[in-house]
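J.:
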Amino acid sequence: MKRELRIGFLPLTDCAVLVAAQERGFFEKHGLVVTLQREVSWANIRDRVAFGELDAAHMLAPMPLAAALGIDGLGVPMQTALGIGLNGSAITLATRLMQGIREHFPACLHSSPLRATGLKALLEHRLEHRLVMACVYPFSQHYYLLRAWLEDGGLVIGRDVEIQVIPPSRMVSALAAGAIDGYCAGEPWNQAAVQRGIGCVAVSSYGLWHNGPEKVLGTTHSWAAAHPDTHLALLKALLEAAHWADEAGNRPLLAGLLA
């Protein structure tokens, strides 16, 4: 059984199960010596898992499927045996856009969840250049929800809106610089924009797709086949960590670990 593992993650709130498993000793309990390796983008995660630099990783739910289908550009089949997060992302718009909608089209703010009709009306009213929105990866719940939300509001992708891919940790700086008009990303990057006064949360992923799959534990097919006992031990450790994290009394300690 392989005991020393390197597991990749992005610094998002939903890496909590991995952090809890490490800091609360669940990996050690199941005979694993784990190094958690922080990455800056989902493309890095994909590449490092595909080429064996990481044994497993915190992944966007569609990533293993895209890899298994061979449509991710690498063609290295991947899989998942464990979901580690539902929802947890949101669509944030630049504060100036939300202020414009509130001033000129306040009736558009009455829908729940908020629709993108106000954004469409504002774009036509101001006759601006097309909007630039961002998501974290092409094969992600973020991309699919952002696209569906925009199209539901009457916006045409490619004509009215351009969607770019930006790593989560760079969303706030891109919004502050005016390079993008909004984005769909996981926490803490929506609240970070709100706290800086440059963004407003328009809608949460929970409001668009109740309990939609957000993150999973991903490995390559070949790694899982070569290390079945290690894979099982890893799953057990993460399940125990998830139960621990789900206890309300443990939330303050978990928040401290993530901070």
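All letters in the sequence shown, in the order written, are residues -8 to 250 by this note's numbering. Positions of the beta carbon are idealized from the N, C-alpha and C atoms, including for glycine.
(1) How would you write the range of the beta strand (DSSP E) that Glu205 sits in, first residue to last?
(2) Which word fits Arg15, buried or exposed, when buried means at least 16 other C-beta atoms lie within 10 angstroms of its C-beta?
(3) Excluding five sequence neighbours on each side, which residues of the same chain lie with their C-beta closer than 7 Å to the C-beta of Ala236?
(4) Does DSSP classify Val24 as helix, strand or coil?
(5) Would Gly76 and Glu238 qualify as a contact pair, given that the criterion is a beta-carbon distance under 8 Å?
(6) Could you check which residue in Ala233, Leu141, Phe130 has the C-alpha nearest to that of Leu60?
(7) Determine the extent of the alpha helix (DSSP H) in which Arg(-3) is found, giving its start and end residues.
(8) Starting from the Cα of Leu251, find the closest Cα among Gly190, Arg37, Ala72 and give me that residue.
(9) Please tell me whether, using a cut-off of 7 Å, the distance from the CB of Ala41 to the nearest non-hydrogen atom of the ligand PLP is below it.
(10) When you compare the CB positions of Pro179 and Thr4, do they come within less than 8 Å of one another, or not?
(11) With a CB to CB cut of under 8 Å and the five nearest residues on each side skipped, what residues in its chain are close to Gly144?
(12) Considering Ala236, what are the terminal residues of the alpha helix (DSSP H) in which it resides?
(13) Find out if the Cβ-Cβ distance for the pair Ile(-2), Ala52 is shorter than 8 Å.
(14) What residue range is occupied by the uninterrupted alpha helix (DSSP H) comprising Gly198?
(15) Report yes if the C-beta distance between Ile154 and Ala165 is below 8 Å; otherwise report no.
(16) Tell me whether the region 208 to 228 and the region 79 to 99 touch, counting them as touching only if at least three CB pairs, one residue from each stretch, are closer than 8 Å.
(17) Are Met69 and Val40 touching if we call contact CB-CB under 8 Å?
(18) My output table needs one value for Ala250: the three-state DSSP class, helix, strand or coil.
(19) Would the beta-carbon of Ala228 fall within 8 Å of that of Phe96?
(20) Over the uninterrupted beta strand (DSSP E) stretch that includes Glu153, give me the two end residues.
(21) Out of Leu88, Arg93, His201, point me to the one whose CA is closest to Gln132's CA.
(22) Grouping DSSP H, G and I as helix and E and B as strand, with all else coil, what is Met89?
(23) Does the beta-carbon of Ser102 have 16 or more other beta-carbons within 10 angstroms, so that it is buried, or is it exposed?
(24) If we count the other Cβ atoms within 10 Å of its Cβ and call it buried at 16 or more, is Val163 buried or exposed?
(25) Is Asp151 closer than 8 Å to Arg121 when the C-beta atoms are compared?
(26) I need the straight-line Cα distance from Leu(-4) to Asn241, nearest angstrom please.
(27) Could you pull out every residue in the same chain whose Cβ sits closer than 6 Å to the Cβ of Ala57, ignoring the five residues on either side in sequence?
T.: Let me lay it out:
(1) 204 to 211
(2) buried
(3) Ala7, Val8, Ala11, Leu245
(4) strand
(5) no
(6) Phe130
(7) Run containing Arg(-3): none in the alpha helix (DSSP H); it sits in the beta strand (DSSP E), -5 to 0.
(8) Residue 251 lies beyond the stretch modelled for the chain, which goes from -8 to 250, so this question has no answer here.
(9) This structure does not include the ligand PLP; it has no bound ligands of any sort.
(10) yes
(11) Arg106, Ala107, Thr108, Gly109, Leu110, Lys111
(12) 219 to 237
(13) no
(14) 196 to 199
(15) no
(16) no
(17) yes
(18) coil
(19) no
(20) 152 to 156
(21) His201
(22) helix
(23) exposed
(24) buried
(25) yes
(26) 26 Å
(27) Asp63, Phe130
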